[in-house]
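Engineer: Got a structure for you, written out below as structure tokens; questions coming shortly.
4 protein chains.
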Amino acid sequence: MAEDAPKETPPDTAAVTGRNPVRTRQAIIEAATEEFSTLGLGGARIDAIAARAGLNKRLLYYYFGNKEALFQAVLERAYENIRSAEHGLQLDEVDPVEAIRRLVSFTWHYYIQHPEFITLLNSENLHQASHLKKSQRIRELNSPLIDTLHRVLERGRAEGLFRAGVDPLQLYISIAGLSFFYLSNRHTLSAVFGRDLRQPKAEAERLSHMTELVLGYLLR
Amino acid sequence: MAEDAPKETPPDTAAVTGRNPVRTRQAIIEAATEEFSTLGLGGARIDAIAARAGLNKRLLYYYFGNKEALFQAVLERAYENIRSAEHGLQLDEVDPVEAIRRLVSFTWHYYIQHPEFITLLNSENLHQASHLKKSQRIRELNSPLIDTLHRVLERGRAEGLFRAGVDPLQLYISIAGLSFFYLSNRHTLSAVFGRDLRQPKAEAERLSHMTELVLGYLLR
Amino acid sequence: MAEDAPKETPPDTAAVTGRNPVRTRQAIIEAATEEFSTLGLGGARIDAIAARAGLNKRLLYYYFGNKEALFQAVLERAYENIRSAEHGLQLDEVDPVEAIRRLVSFTWHYYIQHPEFITLLNSENLHQASHLKKSQRIRELNSPLIDTLHRVLERGRAEGLFRAGVDPLQLYISIAGLSFFYLSNRHTLSAVFGRDLRQPKAEAERLSHMTELVLGYLLR
Amino acid sequence: MAEDAPKETPPDTAAVTGRNPVRTRQAIIEAATEEFSTLGLGGARIDAIAARAGLNKRLLYYYFGNKEALFQAVLERAYENIRSAEHGLQLDEVDPVEAIRRLVSFTWHYYIQHPEFITLLNSENLHQASHLKKSQRIRELNSPLIDTLHRVLERGRAEGLFRAGVDPLQLYISIAGLSFFYLSNRHTLSAVFGRDLRQPKAEAERLSHMTELVLGYLLR
DNA sequence: GATGAATGAGCGTTCATTCAT
DNA sequence: TATGAATGAACGCTCATTCAT
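These protein sequences, in sequence, are chains A, B, C and D.
Quick note on UniProt numbering: the first sequence kicks off at 1 and runs consecutively.
Quick note on UniProt numbering: the second sequence kicks off at 1 and runs consecutively.
Quick note on UniProt numbering: the third sequence kicks off at 1 and runs consecutively.
Quick note on UniProt numbering: the fourth sequence kicks off at 1 and runs consecutively.
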């Protein structure tokens, strides 16, 4: 071996397998998100997460301590992501009817594009939000959506478009629930009612039904 | 730990729980329902179910074969129960508005009184309804609710009360989802929005909001 | 195969590998005693104990729950054994000098023949007797030795042979300690003092030294 | 758990404990002494030692190579300490009876004040003095005590005070064992005999018993 | 119909140790 | 001299399941 040759500075790909804590952390979170959202907290396997991430299992403990803490980190990331997406909504800048449409549509499409968010929330609720309650991070990420929706409803009422007396939190939960339940439960619903709710056509129908339902209620 | 320990030589009291297959079966299903609904399919433990039922673990295998089949039996029982409750609704015998009120209220209260139904469905959906699809029994238990709702909507439309063009399945999913999502996700929602949705007052508000929402949409 | 032939009642060796809980329990205790006494509580390996016993590792948990409980069971057995051996001493039936000789000699030879007793006690003391304190069994096994020794000393004093004012517990601890320390520490002592204390001749010298020491003190 | 977690980017305070090899080495030895004497060789954890010392785990390897070598260093330090204390005894300068008293008392108090010495020796004996045998350092530290005791016994005999024919090594082992066994085993002894041997009063009684025992034997 | 005894596979976690800088 | 990142092996323990009676 050319023993005197200067060691060639390794190209920036050294991080793929190691020595890049940020990337390693990220890889673990991603692999864990897949595993937890597919199999639930109880069904997920630490070995499988390590294998998915292509990392030594010991590293998961080095970075996160234990399975539950890793689950919490996955949840935190999931909330960071949706909060970040909510930022682009800008409901204050369109007319109230359009704002409601946009909110319904955003919620629907976000859940469709992030099915892991649904199953992670279901797992967390199965455990009575115990990880979320421990999380400082999630408390910091409080959503501005309820306040924004409050202003939208108020504008709509002021313009004589919307009915009065609508609790923005109740409405928000309804809008979220209309999408969430359909998507979360479509496997059982499809089986029970013998209609495949996972088809694109069914999904389009769902969105228009939900929009009609919410606006049909709000508009006086 | 102790659940597994060898027992002291027991006196000849094999008849304590009795050689009563029906009762034994029932005891297993109930214990399994608690365990699965509390911990999910992956988190449930066969040992724990046997302990809850006060029965020898081997009996679970004698009656149900394995864990997944037991889960399926639990699901089947859950569907039998809700179908049986739905029987008392008699929506065809009241006026359309009252029928809708009754359906919303029934759904809400059934979920409240059977929280295990919610978590079992979430578990089953996590596994993409695989057990449900295998179940002959659940297919036999098809719900008459969509047909009934169809007739209610038709009557409402004929009387000039309700809007036209409402898909009864979509509406049913919405009614179910409004309750289901709130109850299923109230732990995370409470934590995220800092408002305790598990309090009686919050629950009363939810029911009136849902009723208003659905009727506000339907009534023209 | 002679399908109608009566199944030959299995000879009494069916218990070697299984289905004999008493023998299984015994085999585990024996294997665990070897392992714990050789490597200490922290150094002992559950896998190794199972292998030594020729049993499935799971069985150790079935019978004893966990490592610490198994260690406790080993300790209890060790105390049962020494108590049982003490029973044969019958110090009340010989003259006081012979009784003291016999006690010193018994203690010495018991420790020599049961080296595991020494290391087990050392391990238990390292952990501040935490397992022993938990053990109901050991409390039941209280030794009659202190009372017996008290009577021996009293007899010796009455006969004008022994000095007065000897606390039997202190003397018992001294007699035990003279043997125990030598045997427990002979590896380091041999190394430090460059004299092999594990040789038969050294052992014989030790016994006569101890007997002389104790009787030299007692006799007036 | 947290001991292993990745640290937040630390400010440039590498000098907190300082680039002081002597002090670092000392800190490691002290932390390791606590850990090994508390938990034994098998129960001690490298991580815990590093945490106790407030140092990076890697440093322990830098200075000592591996766990066993560190244990050996701890042992060597323990022997250095006791040899150093023995230096102050000056048994040759007092009368024989006083010399024996002093030796018994010194041994007793040294063990009381250095409980780690007892458990370290027990650990080393569990492993059959394997580390001690490897240690050049400990061989260099040979104790003058046996020779000194030999002279004391000889003086006593010459003065007609002490009996003849006493092996100084046997006597030394007896003196050490009387203290060592009591202190090493007081947890189990207290539990078994239902008398708290760790109380100051019990300790005072022990010292006077031992002195009486040894002198009662020696004095003719 | 019912049970205590037994098992192979795999779980989450931790170990002492090494790498790269 | 010092450290954060990384690892293979193994740990104590538990899993769903089956055997033998």
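Ideal Cβ positions, reconstructed from N, Cα and C, are used throughout, including at glycine.
Is it the case that the stretch 167 to 185 of chain B contacts the stretch 177 to 191 of chain A, given that we only count it when at least three CB pairs across the two stretches are under 8 Å?
Structural biologist: yes
Engineer: Taking the beta carbon of D/H87 as the centre, do at least 16 other beta carbons fall within 10 Å, making it buried, or is it exposed?
Structural biologist: The sequence position of residue 87 of chain D within the fourth sequence is 87, counting from 1. It counts as exposed.
Engineer: Taking 8 Å as the limit between beta carbons, can you name the residues of its chain near A/T13, skipping five residues before and five after?
Structural biologist: Reading the first sequence from its first residue, position 13 is the one you call residue 13 of chain A. Caution applies to A/T13, whose pLDDT of 32 falls short of 50 and renders its modelled position unreliable; the value that the coordinates give is listed next. Close CB contacts of A/T13 within its chain, under the 8 Å cut and outside five residues either way in sequence, are absent.
Engineer: If you measure from the beta carbon of A/S174 to each beta carbon in chain B, is any gap under 8 Å?
Structural biologist: Counting from one through the first sequence, the residue named residue 174 of chain A turns up at place 174. With 8 Å as the cut-off, A/S174 counts as an interface residue toward chain B.
Engineer: Below 8 Å, how does it come out for the stretch 45 to 55 of chain D and the stretch 137 to 144 of chain C: are there three or more Cβ pairs, yes or no?
Structural biologist: no
Engineer: List the residues of chain A that B/F180 touches, going by C-beta distances under 8 Å, in chain order.
Structural biologist: Taking the first residue of the second sequence as 1, we reach residue 180 of chain B at position 180. Under the 8 Å cutoff, chain A gives G177, F181, N185.
Engineer: In this structure, how does DSSP classify A/L219 when only helix, strand and coil are distinguished?
Structural biologist: Taking the first residue of the first sequence as 1, we reach residue 219 of chain A at position 219. In this structure, A/L219 counts as strand in the three-state DSSP scheme.
Engineer: List the residues that DSSP assigns as beta-bridge partners of C/F162.
Structural biologist: Taking the first residue of the third sequence as 1, we reach residue 162 of chain C at position 162. Paired residue(s): C/L219.
Engineer: Please identify the residue among A/A32, A/L91, A/D95, A/L121 whose C-alpha is closest to the C-alpha of A/N66.
Structural biologist: Stepping through the first sequence from its first residue, residue 66 of chain A is reached at position 66. When only C-alpha atoms are compared, the closest one is A/A32.
Engineer: Spatial neighbours of D/E124 within its chain, please: C-beta separation below 7 Å, excluding the five flanking residues on both sides.
Structural biologist: The sequence position of residue 124 of chain D within the fourth sequence is 124, counting from 1. Taken in chain order, the residues that qualify are L75, H131, L132.
Engineer: Contact criterion: CB-CB distance below 8 Å. Does B/D47 meet it with respect to chain A?
Structural biologist: As a working mapping, residue 47 of chain B is identified with position 47 in the second sequence. It does not; no Cβ of chain A falls within 8 Å.
Engineer: Under 8 Å Cβ to Cβ from A/K134, same chain only, skipping five residues before and after it: list those, please.
Structural biologist: Your numbering for residue 134 of chain A matches position 134 in the first sequence. Around A/K134: Q72.
Engineer: Consider the Cβ of C/Y217: report whether some Cβ of chain D lies at a distance smaller than 8 Å.
Structural biologist: The residue labelled residue 217 of chain C in the question sits at position 217 within the third sequence. Cβ-Cβ to chain D under 8 Å: yes for C/Y217.
Engineer: In its own chain, which residues sit with a C-beta less than 6 Å from the C-beta of C/R206, not counting the 5 before and 5 after it?
Structural biologist: On the third sequence, position 206 is the one that residue 206 of chain C refers to. Around C/R206: Y182.
Engineer: Can you confirm whether B/K133, when its beta carbon is compared against all beta carbons of chain A, has any partner nearer than 8 Å?
Structural biologist: Position 133 of the second sequence, counted from the first residue, corresponds to residue 133 of chain B. Yes, its Cβ sits closer than 8 Å to a Cβ of chain A.
Engineer: Looking only at C-alpha atoms, which of A/E203, A/E35, A/D167, A/M210 sits nearest to A/E116?
Structural biologist: By one-based count along the first sequence, residue 116 of chain A stands at place 116. Considering only alpha carbons, the answer is A/E35.
Engineer: What is the DSSP secondary structure of C/D167, reduced to helix, strand or coil?
Structural biologist: Numbered from 1 along the third sequence, position 167 holds the residue referred to as residue 167 of chain C. The answer is coil: DSSP assigns C/D167 none of H, G, I, E or B.
Engineer: Since A/S190 is in the alpha helix (DSSP H), which residue starts that stretch and which ends it?
Structural biologist: One-based indexing of the first sequence puts residue 190 of chain A at position 190. Looking at the DSSP string, the run of the alpha helix (DSSP H) that includes A/S190 is 186 to 193.
Engineer: Give the single residue among D/H209, D/L169, D/H114 whose Cα lies nearest to the Cα of D/L145.
Structural biologist: Taking the first residue of the fourth sequence as position 1, residue 145 of chain D is located at position 145. Check the Cα spacing between D/L145 and each of D/H209, D/L169, D/H114: the tightest is with D/L169.
Engineer: Mind pulling the chain C residues with CB within less than 8 Å of D/Q170?
Structural biologist: Locating residue 170 of chain D in the fourth sequence gives position 170, where the first residue counts as 1. E205, R206, H209, listed in chain order.
Engineer: Is it buried or exposed for B/P21, if we count other Cβ within 10 angstroms and need 16 for buried?
Structural biologist: What you label residue 21 of chain B is simply residue 21 of the second sequence in a count that begins at 1. Burial call: exposed.
Engineer: Against A/Q199, what residues of chain B qualify as contacts under a CB-to-CB distance less than 9 Å, listed in chain order?
Structural biologist: Indexing the first sequence from 1 puts residue 199 of chain A at position 199. Residues of chain B whose Cβ lies closer than 9 Å to the Cβ of A/Q199 do not exist; the shortest such Cβ separation is about 13 Å.
Engineer: Tell me which same chain residues have a C-beta within less than 7 Å of the C-beta of C/G40, skipping the five on either side of it?
Structural biologist: Sequence index remark: in the third sequence, residue 40 of chain C carries index 40 (1-based). The answer, listed in chain order, is S123.
Engineer: Interface residues of chain B around A/S84 at Cβ under 7 Å?
Structural biologist: In the first sequence, residue 84 of chain A corresponds to position 84, counting from 1. None at all; the shortest Cβ gap to chain B is about 15 Å.
Engineer: With burial defined as no fewer than 16 other Cβ atoms inside 10 Å of the residue's Cβ, what is the status of D/S190: buried or exposed?
Structural biologist: Residue numbering aside, residue 190 of chain D sits at position 190 when the fourth sequence is read from its first letter. Buried, because 16 or more other Cβ atoms sit within 10 Å of the Cβ of D/S190.
Engineer: Taking a Cβ distance cut-off of 8 Å, strictly less, list which residues of the stretch 140 to 151 of chain B are near chain A, in chain order.
Structural biologist: N142, S143, I146
Engineer: Give the range of the alpha helix (DSSP H) segment to which residue 225 of chain B is assigned.
Structural biologist: Residue 225 of chain B lies beyond the range of chain B shown here (1 to 220); nothing can be said about it.
Engineer: Take the Cβ of C/T9 as the centre, count every other Cβ of all protein chains shown within 10 Å, and call the residue buried at 16 or more, exposed below.
Structural biologist: In the third sequence, residue 9 of chain C corresponds to position 9, counting from 1. Because the pLDDT at C/T9 is just 36, under 50, the model does not fix this residue reliably, and the value given afterwards should be weighed accordingly. Under the 10 Å beta carbon count, C/T9 is surrounded by fewer than 16 other beta carbons and is classified as exposed.
Engineer: Taking B/F193 as the query, report the chain A residues whose CB atoms sit under 7 Å from its CB, ordered along the chain.
Structural biologist: Against the second sequence, residue 193 of chain B aligns to sequence position 193. By Cβ distance, chain A contributes I146, L169.
Engineer: Does DSSP put A/N125 in a helix, in a strand, or in coil?
Structural biologist: Position 125 of the first sequence, counted from the start, is the residue given in the question as residue 125 of chain A. Three-state DSSP puts A/N125 in a helix.
Engineer: How is A/N81 classed by DSSP in three states: helix, strand or coil?
Structural biologist: As a working note, residue 81 of chain A is residue 81 in the first sequence. Three-state result, A/N81: helix.
Engineer: Nearest to D/E30 by alpha carbon, out of D/M210, D/R102, D/A50?
Structural biologist: Position 30 of the fourth sequence, counted from the start, is the residue given in the question as residue 30 of chain D. Ranking D/M210, D/R102, D/A50 by Cα distance to D/E30 puts D/A50 first.
Engineer: Could you spell out where the alpha helix (DSSP H) holding B/L55 opens and where it closes?
Structural biologist: Along the second sequence, one-based indexing puts residue 55 of chain B at 55. First-last for B/L55: undefined, no H or E at that position.
Engineer: When you compare only the Cα positions, how much space is there between D/P200 and B/G43?
Structural biologist: Here the question's residue 200 of chain D lines up with position 200 in the fourth sequence. Here the question's residue 43 of chain B lines up with position 43 in the second sequence. The straight-line gap separating the alpha-carbon atoms of D/P200 and B/G43 is approximately 53 Å.
Engineer: For B/L59, tell me which candidate among B/E80, B/A27, B/T38, B/I82 has the shortest Cα-Cα distance.
Structural biologist: The count along the second sequence starts at 1 and reaches residue 59 of chain B at position 59. It is B/A27 whose Cα lies nearest to the Cα of B/L59.
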